[in-house]
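A.B. asks:
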Amino acid sequence: MKRIAVIAVILALLPVIAGAKITIGKADFVNQTDIQSPPVPGEKGVKIKVYDVVIEGYKGKKVTFVAQIYKDTIEKMPIVANPYDVSMDKAYISSFNFEIPNSAIFRYLGKGQHKAMVIINAFVTDQFGKTKMIDEVKLILPIEFNFGEGMTDIFAMEVEQNMALVAQYAKDVPEFAELAALCSNYGISALIDKYTPDGLFTSVAYWKNCGPEDKEKIKKYLKGFLIAWKEYPVELIQKVKLKAVAFVKDLVYQNSLEVGGLANVNAGILLMNINYSDPYDVSYLTHHEFFHYIDVVITGPLEFNNDKKWGALNKPGFMYVGSGLEMISSGKSIHEVHPKDGFISVYSMSACEEDKADVFAYLFDHYLYGKYTKEILKSDALLKKKFDYMKDYLWKISPVFDEAFFQNLHD
Numbered sequence: 025m026k027r028i029a030v031i032a033v034i035l036a037l038l039p040v041i042a043g044a045k046i047t048i049g050k051a052d053f054v055n056q057t058d059i060q061s062p063p064v065p066g067e068k069g070v071k072i073k074v075y076d077v078v079i080e081g082y083k084g085k086k087v088t089f090v091a092q093i094y095k096d097t098i099e100k101m102p103i104v105a106n107p108y109d110v111s112m113d114k115a116y117i118s119s120f121n122f123e124i125p126n127s128a129i130f131r132y133l134g135k136g137q138h139k140a141m142v143i144i145n146a147f148v149t150d151q152f153g154k155t156k157m158i159d160e161v162k163l164i165l166p167i168e169f170n171f172g173e174g175m176t177d178i179f180a181m182e183v184e185q186n187m188a189l190v191a192q193y194a195k196d197v198p199e200f201a202e203l204a205a206l207c208s209n210y211g212i213s214a215l216i217d218k219y220t221p222d223g224l225f226t227s228v229a230y231w232k233n234c235g236p237e238d239k240e241k242i243k244k245y246l247k248g249f250l251i252a253w254k255e256y257p258v259e260l261i262q263k264v265k266l267k268a269v270a271f272v273k274d275l276v277y278q279n280s281l282e283v284g285g286l287a288n289v290n291a292g293i294l295l296m297n298i299n300y301s302d303p304y305d306v307s308y309l310t311h312h313e314f315f316h317y318i319d320v321v322i323t324g325p326l327e328f329n330n331d332k333k334w335g336a337l338n339k340p341g342f343m344y345v346g347s348g349l350e351m352i353s354s355g356k357s358i359h360e361v362h363p364k365d366g367f368i369s370v371y372s373m374s375a376c377e378e379d380k381a382d383v384f385a386y387l388f389d390h391y392l393y394g395k396y397t398k399e400i401l402k403s404d405a406l407l408k409k410k411f412d413y414m415k416d417y418l419w420k421i422s423p424v425f426d427e428a429f430f431q432n433l434h435d
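Quick note: the sequence shown uses this note's numbering, first residue 25, plus one each step.
Next up, the structure:
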């Protein structure tokens with residue numbers, strides 16, 4: 025099988041560069057103003073204006089500023105500013121803006137009076153896409169604003185339009201009929217046509233919406249997707265609060281790599297790239313990418329890729345390559361199965377989060393489990409510990425994942 029696993033995560037940990045630092049002067053909040061690139065023409069939004077930023081010791085790196093909005097101590101929305109390619113030892117940025125379109129506020133926060141805190145941090149990315157947060161950079165800005173009545177929920181409108189199109193296709197195409205039934209059963213939506221990004225996630229990902237011309241391509245894609253998805257209990261989807269699966273094309277992560285899927289956890293959306301058509305590939309990618317979504321929600325956005333409990337399952341002294349992108353760039357056969365004890369694939373040796381996602385995929389995917397996993401686990405005690413850990417991890421999410429569930433999974 026030809027499979028390209030996805031970098032479905034945004035943060036990975038790097039060692040801090042000695043002597044380097046980033047400082048932020050101040051920030052202001054501007055409510056209901058014109059924004060530079062509204063998802064909908066003429067749409068207004070809010071701005072967080074940041075001033076007097078100094079970057080020292082990161083020449084040749086890419087620095088990205090992230091504002092996280094917390095309401096009632098819960099993170100509600102991440103906003104990513106344009107990344108800066110640092111070309112000198114000490115760089116100065118007089119000002120830049122975080123912009124949030126009204127459609128994104130509606131989607132993440134809803135209408136009404138909002139009192140929240142904005143926490144601004146900086147992240148530094150190397151040439152392999154690994155990113156570290158600069159712990160000492162933190163600016164806290166209290167904000168208060170009223171998000172008015174009468175504003176249109178663009179996402180809700182698009183969901184309605186997309187589901188109407190699914191229903192239309194379902195009349196004469198069995199795959200779309202099964203997709204419609206799946207959405208009804210799981211309480212989620214399928215976005216197969218126009219989907220307006222919220223203006224936040226597009227800073228790290230690029231894709232094209234599907235259209236009527238992609239009907240046959242989506243139909244072919246659904247063969248593998250539906251095989252994979254029907255293995256998930258409804259309780260799991262409810263627990264991770266997935267709202268929709270968006271079927272898109274030409275999905276690119278961080279302007280570098282076309283990927284099979286990405287998890288936009290804050291929006292509750294899993295994006296899947298229909299450019300992959302082989303049913304076996306699609307089934308694997310669905311499991312792999314959906315686990316990234318699960319992992320970020322359950323383990324945490326800053327912990328999932330530095331999971332110490334999972335790391336303790338490896339032999340002492342083992343170190344992951346660093347990231348999935350590094351492994352792909354190495355030219356190795358990333359989907360070689362069981363290259364050594366404790367690892368189900370070469371790609372699983374790239375990073376903690378990819379190791380977990382591949383274990384999940386090889387546990388749930390019928391083809392992979394039957395051809396590889398079942399026999400491998402009979403002789404690899406170290407790898408079996410990882411699969412047992414995964415089962416226990418899922419059971420803690422929902423007791424539906426008991427021994428009977430896994431005994432019946434591949435019957």
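Note that beta-carbon positions come from the ideal geometry of N, C-alpha and C, so glycine has one too.
Nothing here was measured: the structure is a model prediction, and the numbers come from that model.
Pick out the complete beta strand (DSSP E) segments inside the region 97-160, 3 residues or longer, and give them in chain order.
C.D. replies: 98-104, 114-125, 136-149, 155-157
A.B. asks: Give the range of the alpha helix (DSSP H) segment to which asparagine 186 is assigned.
C.D. replies: Indexing the sequence shown from 1 puts residue 186 at position 162. 178-194 is the span of the alpha helix (DSSP H), which, as asked, contains asparagine 186.
A.B. asks: What's the gap between the Cα of isoleucine 322 and the Cα of alanine 381?
C.D. replies: Here residue 322 corresponds to residue number 298 of the sequence shown, with the count starting at 1. Here residue 381 corresponds to residue number 357 of the sequence shown, with the count starting at 1. Straight-line measurement puts the Cα of alanine 381 at about 13 Å from the Cα of isoleucine 322.
A.B. asks: In terms of residue numbering, what span does the beta strand (DSSP E) encompassing valine 289 cover?
C.D. replies: Against the sequence shown, residue 289 aligns to sequence position 265. No beta strand (DSSP E) holds valine 289; DSSP gives it neither H nor E.
A.B. asks: Mind checking whether threonine 47 and valine 78 have CB atoms under 8 Å apart?
C.D. replies: By one-based count along the sequence shown, residue 47 stands at place 23. By one-based count along the sequence shown, residue 78 stands at place 54. Going by C-beta atoms, threonine 47 is nearer than 8 Å to valine 78.
A.B. asks: For threonine 8 versus glutamate 182, is the C-beta spacing smaller than 8 Å?
C.D. replies: For residue 8 there is no data in the structure shown, the boundaries of the chain being 25 and 435.
A.B. asks: Relative to the C-alpha of lysine 398, which candidate in Ala229, His434, Asp416 has its C-alpha closest?
C.D. replies: By 1-based counting over the sequence shown, the position of residue 398 is 374. Lysine 398 has its Cα closest to that of His434, out of Ala229, His434, Asp416.
A.B. asks: Where does the unbroken alpha helix (DSSP H) through glutamate 313 begin, and where does it stop?
C.D. replies: Looking up residue 313 in the sequence shown gives position 289. Segment 303-323, the alpha helix (DSSP H) holding glutamate 313.
A.B. asks: Which residue's Cα is closest to the Cα of threonine 97: Pro166, Lys333, Glu237?
C.D. replies: Within the sequence shown, residue 97 is the residue found at index 73, counting from 1. Among Pro166, Lys333, Glu237, the Cα nearest to that of threonine 97 belongs to Pro166.
A.B. asks: For lysine 472 versus threonine 57, is the C-beta distance shorter than 8 Å?
C.D. replies: Residue 472 is absent from the model: the chain starts at 25 and stops at 435.
A.B. asks: Where aspartate 109 and glycine 348 are concerned, what is the direct C-alpha to C-alpha distance, given to the nearest angstrom?
C.D. replies: Within the sequence shown, numbered from 1, the residue matching residue 109 stands at position 85. Within the sequence shown, numbered from 1, the residue matching residue 348 stands at position 324. It is roughly 22 Å from the alpha-carbon of aspartate 109 to the alpha-carbon of glycine 348.
A.B. asks: Any idea if phenylalanine 89 is buried or exposed, counting beta-carbon neighbours within 10 angstroms, 16 or more meaning buried?
C.D. replies: The residue given as residue 89 occupies position 65 in the sequence shown. Phenylalanine 89 should be labelled buried.
A.B. asks: Under 8 Å between the Cβ atoms of phenylalanine 384 and histidine 311?
C.D. replies: By 1-based counting over the sequence shown, the position of residue 384 is 360. By 1-based counting over the sequence shown, the position of residue 311 is 287. Contact flag set, yes.
A.B. asks: Taking C-alpha atoms, which residue in Lys409, Ser374, Val269 lies nearest to methionine 296?
C.D. replies: Here the question's residue 296 lines up with position 272 in the sequence shown. Considering only alpha carbons, the answer is Val269.
A.B. asks: Taking DSSP as the reference, what is the three-state secondary structure of alanine 405?
C.D. replies: Position 381 of the sequence shown, counted from the first residue, corresponds to residue 405. In the structure shown, alanine 405 sits in a helix (DSSP, three-state: H, G or I).
A.B. asks: Taking its Cβ as the centre, do 16 or more other Cβ atoms sit within 10 Å of methionine 187, making it buried, or is it exposed?
C.D. replies: Translated into the one-based positions of the sequence shown, residue 187 becomes position 163. Buried, since its Cβ has 16 or more Cβ neighbours within 10 Å.
A.B. asks: So within the region 335-402, which uninterrupted alpha helix (DSSP H) runs reach at least 4 residues, ignoring any that extend past its ends?
C.D. replies: Counting only runs of at least 4 residues, the region 335-402 fully encloses the following alpha helix (DSSP H) elements, listed from N- to C-terminal order: 348-353, 376-388.
A.B. asks: I'd like to confirm the pairing. Which residues does DSSP put opposite asparagine 209 in its beta bridges?
C.D. replies: If you number the sequence shown from 1, residue 209 lands on position 185. DSSP, once it has assigned bridges, lists no residue as partnering asparagine 209.
A.B. asks: Got a sec, what are the start and stop residues for the beta strand (DSSP E) glycine 170 sits in?
C.D. replies: Along the sequence shown, read from residue 1 onward, the residue named residue 170 stands at position 146. Before going further, note that residue 170 is asparagine rather than glycine in the sequence given. It spans 163-171 - the beta strand (DSSP E) in which asparagine 170 sits, taken as one unbroken run.
A.B. asks: Express the C-alpha separation of glutamate 80 and phenylalanine 315 in angstroms, rounding to a whole number.
C.D. replies: What you label residue 315 is simply residue 291 of the sequence shown in a count that begins at 1. What you label residue 80 is simply residue 56 of the sequence shown in a count that begins at 1. If you take the alpha carbons of phenylalanine 315 and glutamate 80, they lie about 37 Å apart.
A.B. asks: If you follow the alpha helix (DSSP H) that tyrosine 245 is part of, which residue opens it and which one closes it?
C.D. replies: Here residue 245 refers to the residue found at position 221 when the sequence shown is read from its first residue. That run of the alpha helix (DSSP H) goes 239-253.
A.B. asks: With distances taken from CA atoms, which of Ala91, Glu313, Tyr393, Leu206 is nearest lysine 408?
C.D. replies: Residue mapping note: residue 408 aligns to position 384 of the sequence shown, counting from 1. The residue with the shortest Cα to Cα distance from lysine 408 is Tyr393.
A.B. asks: Give me, in chain order, the residues of the same chain whose beta-carbon lies closer than 8 Å to that of glycine 211; leave out the 5 immediate sequence neighbours on both sides.
C.D. replies: Here residue 211 refers to the residue found at position 187 of the sequence shown. Answer for glycine 211: Val258, Ile261, Gln262, listed in chain order.
A.B. asks: Would you mind sorting methionine 112 into buried or exposed? The rule is 16 or more other CB atoms within 10 Å of its CB.
C.D. replies: For the purposes of this step, residue 112 is taken as the residue at position 88 of the sequence shown. Exposed, because fewer than 16 other Cβ atoms sit within 10 Å of the Cβ of methionine 112.
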